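Worksheet: one structure, shown below.
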Amino acid sequence: MAVVGVSGRLAGCYCLRAVRSSLQVPAVQLHVSKTAMGACQKDFESAVNQVKLLKKDPGNEVKLKLYALYKQATEGPCNTPKPGLFDLINKAKWDAWNALGNLPKETARQNYVDLVSGLRSSSDSSSQVKPEADKKQAGYETLVITSEDHITKIMLNRPAKKNALTTQMYREIMLALEAASKDDSTITVFTGNGDYYSSGNDLTNFTDIPPGGIEEKAKNSAILLRDFVGCFIDFPKPLVAVVNGPAVGISVTILGLFDLVYASDRATFHTPFSHLGQTPEGCSSYTFPKIMGPAKAVEMLIFGKKLTAGEACAQGLVTEVFPDSTFQKEVWTRLKAYSELPQNAMHISKQIIRNHEKEKLHAVNAEESSILQERWLSDECMNAVMDFLSRKAKL
Ligand SMILES: CCCCC/C=C/C(=O)SCCNC(=O)CCNC(=O)[C@H](O)C(C)(C)COP(=O)(O)OP(=O)(O)OC[C@H]1O[C@@H](n2cnc3c(N)ncnc32)[C@H](O)[C@@H]1OP(=O)(O)O
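When the letters of the sequence shown are read in order and numbered with my numbering, they come out as residues -13 to 381.
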């Protein structure tokens, strides 16, 4: 994608995977230059080794510090030419190293050792089992899936990132839907952990470029999108969204494919596609005009009007709104009662209601995905995503 065209390199500043592979190189190299030899050389080498064993990703900022200290400790002050404006990974690395000025190699070595030691203790203490981890069904890293009272609950579990959907998450959701379609639950529920339902597509997805370049990335993403939305179109059991907070982008559009949408009065519904140089997906170009009429659909999908839960309910996108203070209690009591209803009758009814539309929905999904494949290669999209990533960059 064009976003990625420039930001394939830019990605390293913000995309953990890219930064990890980019910044780890010096940190994991055991070939420490002779100039770094000194009193705490052993500690330094040991710290370089320990970085590889950290259980928790320390984040981009810390990785840049590690990089800079390593370079300073092994090569001394930064003396290489400053990378170009758009070579953002290397520029961030260069800036971090250059910021150390004339810091002596010995001090850099000691600082590196101290930094790694601090990271090790926080990594060890945070590796204690969290209660949430117990609930997770094996095999899912980004979701918490529970099955009780004939309800399978799929909870998006990246609260610190407002449940933004990574590529891994799309894949795990598809697997979870596949499993839920076959388990003995009667209904399947989607919700989010934390204060957001979901902030939509994780915009750092655009920065992870495969060897085939940005065109291949756009093509792969369009296939992923089509397959992901296809799973919702085909899902055979009643599908319920428990919208616990704001919802953005694709987490809103696919609501048109759900059978019930319960929302907290804290929830909002926002599809800022034009702002991102993108176009509607999740079959919303078809379902939204049907649900709320073309005029209201246009306000949301073209002009990015954000709806309150009450407005979304008035437009027919949301089934019912509950006060946030009693949301979980009221919704789950209701859902437990519904889940006791005869399973086959519910599933057959869903098929009757939805089957007429399936073929049309798959066609719309394919078209939306293919249009987005082109959009992702546009300057409009590139600039919008770069703008978001730059605003959020802490480097
Ligand atoms: C392959 C399939 C493609 C499908 C096509 C789908 C399209 C879409 O879904 S379009 C919609 C994309 N989403 C957005 O444009 C939302 C972007 N995010 C925001 O505007 C804001 O983050 C917010 C309004 C959702 C929340 O703002 P705020 O309360 O100020 O919180 P922060 O911005 O500080 O967010 C905390 C943390 O989370 C990161 N984050 C949030 N959303 C995303 C996201 N969509 N992608 C990537 N990262 C996201 C944010 O960067 C912060 O991270 P840290 O700074 O590291 O704490």
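Built from N, CA and C at the ideal position, the CB exists for glycine as well. Values in this document were obtained by computation on a predicted structure and should not be read as measured data.
Notebook entry, point to check: DSSP three-state call for F255: helix, strand or coil?
Noted result: strand
Check: Per DSSP, which one or two residues make a beta bridge with A249?
Finding: V229 and V307
Next item on the list: Count the C-beta pairs between the region 292 to 300 and the region 254 to 265 that are closer than 8 Å, then say yes if the count reaches three, no if not.
Entry: yes
Notebook entry, point to check: Would you say E267 touches ligand 1, meaning its beta carbon is less than 7 Å from a heavy atom?
Noted result: yes
Note to self: Measuring straight from C-alpha to C-alpha, what distance separates T93 and D81?
What the structure shows: 19 Å
Check: Apart from the five residues on each side of it in sequence, which residues of its chain come closer than 6 Å, Cβ to Cβ, to G263?
Finding: S364, E366, C367 and A370
Check: If you run the structure through DSSP and keep just helix, strand and coil, what is N65?
Finding: coil
Check: DSSP three-state call for P12: helix, strand or coil?
Finding: Because P12 carries a pLDDT of 40, less than 50, the predicted location of this residue cannot be relied on, and the following value inherits that uncertainty. In this structure, P12 counts as helix in the three-state DSSP scheme.
Notebook entry, point to check: Bridge partners of M286, per DSSP?
Noted result: Paired residue(s): none; M286 is not in a bridge.
Next item on the list: Leaving aside the five residues before and after A85 along the sequence, list all residues of the same chain whose C-beta is less than 8 Å from its C-beta, in chain order.
Entry: A54
Next item on the list: Please determine, among S103, Q27 and T239, the residue with the shortest C-alpha to C-alpha distance to G186.
Entry: Among S103, Q27 and T239, the Cα nearest to that of G186 is on T239.
Check: Using the beta carbon as the reference atom, which residues fall closer than 5 Å to any heavy atom of ligand 1, ordered along the chain?
Finding: Chain-ordered, the residues whose CB falls short of 5 Å from any heavy atom of ligand 1 come out as K147, K148, A150, S185, G186, N187, D188, L189, S207, L210, L211, V234, G235, I236 and K378.
Next item on the list: Write down every uninterrupted run of the alpha helix (DSSP H) in the region 126 to 170 whose length is 4 residues or greater and which is fully enclosed by it, in chain order.
Entry: 153 to 168
Next item on the list: Just the C-alpha distance for V284 and P266, rounded to the nearest angstrom, thanks.
Entry: 10 Å
Notebook entry, point to check: Quick check: the region 132 to 146 against the region 168 to 183, are there 3 or more CB pairs under 8 Å?
Noted result: yes
Next item on the list: Using a Cβ-Cβ cut-off of 8 Å, state whether W80 counts as contacting chain B.
Entry: Within the model displayed, chain B is absent; a lone protein chain is all it includes.
Item checked: Inter-stretch contact (C-beta, 8 Å, three-pair minimum) for the region 177 to 196 and the region 345 to 359 -> no
Notebook entry, point to check: Rounded to a whole number of angstroms, what is the C-alpha to C-alpha distance between Q114 and N179?
Noted result: Confidence at Q114 is low in this model, with a pLDDT of 42, below 50, so its placement is unreliable and the value that follows should be read with caution. Distance between the alpha carbons of Q114 and N179: 20 Å.
Item checked: T312 (DSSP reduced to helix, strand or coil) -> Helix at T312.
Next item on the list: Compute the Euclidean distance between the alpha carbons of F176 and N35, then round it to the nearest angstrom.
Entry: 41 Å
Notebook entry, point to check: Is K223 buried or exposed, if buried means 16 or more other CB atoms sit within 10 Å of its CB?
Noted result: buried
Item checked: Proximal residues to R320 (C-beta, below 6 Å), its chain only, five neighbours per side dropped -> Contacts found: none.
Check: Can you tell me the Cα-Cα spacing of A298 and A165, whole angstroms?
Finding: 30 Å
Checklist line | Per-residue burial, N88 [other beta carbons within 10 Å of its own, 16 or more giving buried] | finding: exposed
Note to self: Between which two residues does the beta strand (DSSP E) holding F176 run?
What the structure shows: I173 to G178
Item checked: Own chain partners of L210 with C-beta closer than 6 Å, once the 5 adjacent residues on each side are dropped -> Y156
Check: Considering only residues of the same chain and omitting the five flanking positions on each side of K148, which have a CB-CB separation below 6 Å?
Finding: Y182 and S185
Checklist line | Inter-residue spacing [alpha-carbon to alpha-carbon] between F30 and P145 | finding: Put simply, the backbone Cα of F30 is about 35 Å away from that of P145.
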